[in-house]
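FYI, the numbering for the sequence shown is 74 to 417, going by the working numbering. A virtual CB, placed ideally from N, CA and C, is assigned to each residue, including glycine. These figures come from a predicted structure and were not determined experimentally. One structure is given below, encoded as structure tokens.
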Amino acid sequence: MATTASTSRNGDELHGGEASRRLLAEGAPSSDLEAPSRRMQATSIKTTAAATTKQRTSRCSSTTTWLSALGVLALGFIGYTFFGRCGAGYVNCDYELDLPEGVNRAAVPVGREMRPGWMKHHAALVAEAEREGATTRVLVLGDSITEELLGRVGGKTKSGWGSLAVWLHYYAYLGAINLGVAGDETQHLLWRLQNGELPDVLQPESILVAIGTNNLGAGMDAQDTVGGVKAVVQYVREQRPEAMVSVMALFPRADPKHKKSTTPWPVIDEVNGMLERMLRLKFGTKKVLFVSCSDRFVVEDDSGREVLNKEFIMPDNLHLTSDGLKAWAECAEAAVHSGLRDNY
């Protein structure tokens, strides 16, 4: 312990016990004798208090750090939940849009920047459209069902998924390009087309459009979904007026709230009926065709009830099997070829 210093009445600096004895001999009051001890105690108390404060500060800092880390993790989880899992069966992720009441979100172009890998995939398609555009005669637009034709999901090859063989047999030899992106809705496809995927060099003779099922899966109603398809077709017609545009009816599927059910979702028929009427009234039949293959994807069970054709539809009751993709290609073949100048 450090020695405590005091001063005698004569001004000499004294230390420890010597200070006490001299003060006593000089007739100092007892309070003067106790002063050094009190100062030592006060110093000790201050030191202890400072150490305690430092410990508390350290604990608070540590707690704050942990809370900050937990906050980051929580935000990451929320971001993944609401932005990373866009697509069929989930609430739509375009929260950045603050649209006026009455505006159809399905018809307002918006990207999916918050979807991991989506912008990278878009950039790859832009590059492909620029690179292959001069020799492209057939353009195929859509979502995951369209992308299945390449055996890919989100731009990445997936084993056992889709059928590249169908693409090679029915489309590739025509000079076709596939701009399907998994999870996309009409507004996402519209954004992609307006942001590089339909460059000037890309002048197809025939365009096949298969989009809209994810709008329904995201909770949109039939009217808004049809409005979204209309916006896509209208943009394509304005940009490529000489091309024949074939618009696919939505494929039969299960209600996403009952994914294991093989009962066709009734709203699909509602959309397709509205879609056919809208296309005929808005665009006529000279350069826009409505193509329905629905009868191939629905069969009757033993009781005579209509159910999804499991030969053509995957266990998720949404996507198509390789045989289903082949059935689609065969069904749409005549429409696709009708737009080609030297019809095969």
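Supposed contact pair ALA295 and VAL344 - C-beta distance, whole angstroms, cut 8 Å: 5 Å
Through-space distance from GLY215 to ALA180, alpha-carbon basis: 15 Å
CB contact flag (GLU258, ALA291, <9 Å): yes
message: Give me, in chain order, the residues of the same chain whose beta-carbon lies closer than 8 Å to that of THR208; leave out the 5 immediate sequence neighbours on both sides.
response: GLY248
message: Checking 9 Å against the spacing of the C-beta atoms, do ALA402 and LEU222 come in under that value?
response: yes
message: Relative to the C-alpha of ILE250, which candidate in GLN276, PHE324 and ARG185 has its C-alpha closest?
response: GLN276
- prompt: On the premise that PRO325 lies in contact with PRO337, defined as a C-beta separation below 8 Å, what is that separation, rounded to the nearest angstrom?
  reply: 4 Å
- request: State the Cα-Cα distance for the pair GLU270 and LEU262, rounded to the nearest angstrom.
  value: 9 Å
Span of the beta strand (DSSP E), counted from its first residue to its last, around GLU186: Counting along the chain, GLU186 falls outside any beta strand (DSSP E), and DSSP gives it neither H nor E.
- prompt: Where do the N-terminal and C-terminal ends of the alpha helix (DSSP H) with GLU311 fall, by residue?
  reply: 295-312
- prompt: Three-state secondary structure (DSSP) at ARG414?
  reply: coil
task: Classify LEU252 as helix, strand or coil using the three-state DSSP reduction.
output: strand
task: List the DSSP bridge partners of GLU343.
output: For GLU343, which the question treats as bridged, DSSP gives no partner whatsoever.
message: With three or more C-beta pairs closer than 8 Å as the rule, is the stretch 236-247 touching the stretch 394-401?
response: yes
- prompt: Using the rule of at least 16 other Cβ atoms within 10 Å of the residue's Cβ for burial, across every protein chain shown, is MET293 buried or exposed?
  reply: buried
Residue interval of the beta strand (DSSP E) (run including ILE280): ILE280 -> beta strand (DSSP E) spans 279-283.
- request: With a 10 Å radius around its C-beta and 16 neighbouring C-beta atoms as the bar for buried, classify ALA327 as buried or exposed.
  value: buried
query: Measuring CA to CA, which of THR219, VAL254 and GLU220 is closest to MET192?
result: It is VAL254 whose Cα lies nearest to the Cα of MET192.
message: On a Cα-Cα basis, can you pick out the residue from LEU172, GLU174, ARG178 and PRO173 that is closest to ASP23?
response: With the chain represented from 74 up to 417, any question about residue 23 goes unanswered, as that position is not in the structure.
message: Given this structure, state the Cα-to-Cα distance separating LEU318 from PRO272, to the nearest angstrom.
response: For the sequence presented, residue 318 should be read as Val rather than Leu. Using only the alpha carbons, I get a separation of about 17 Å.
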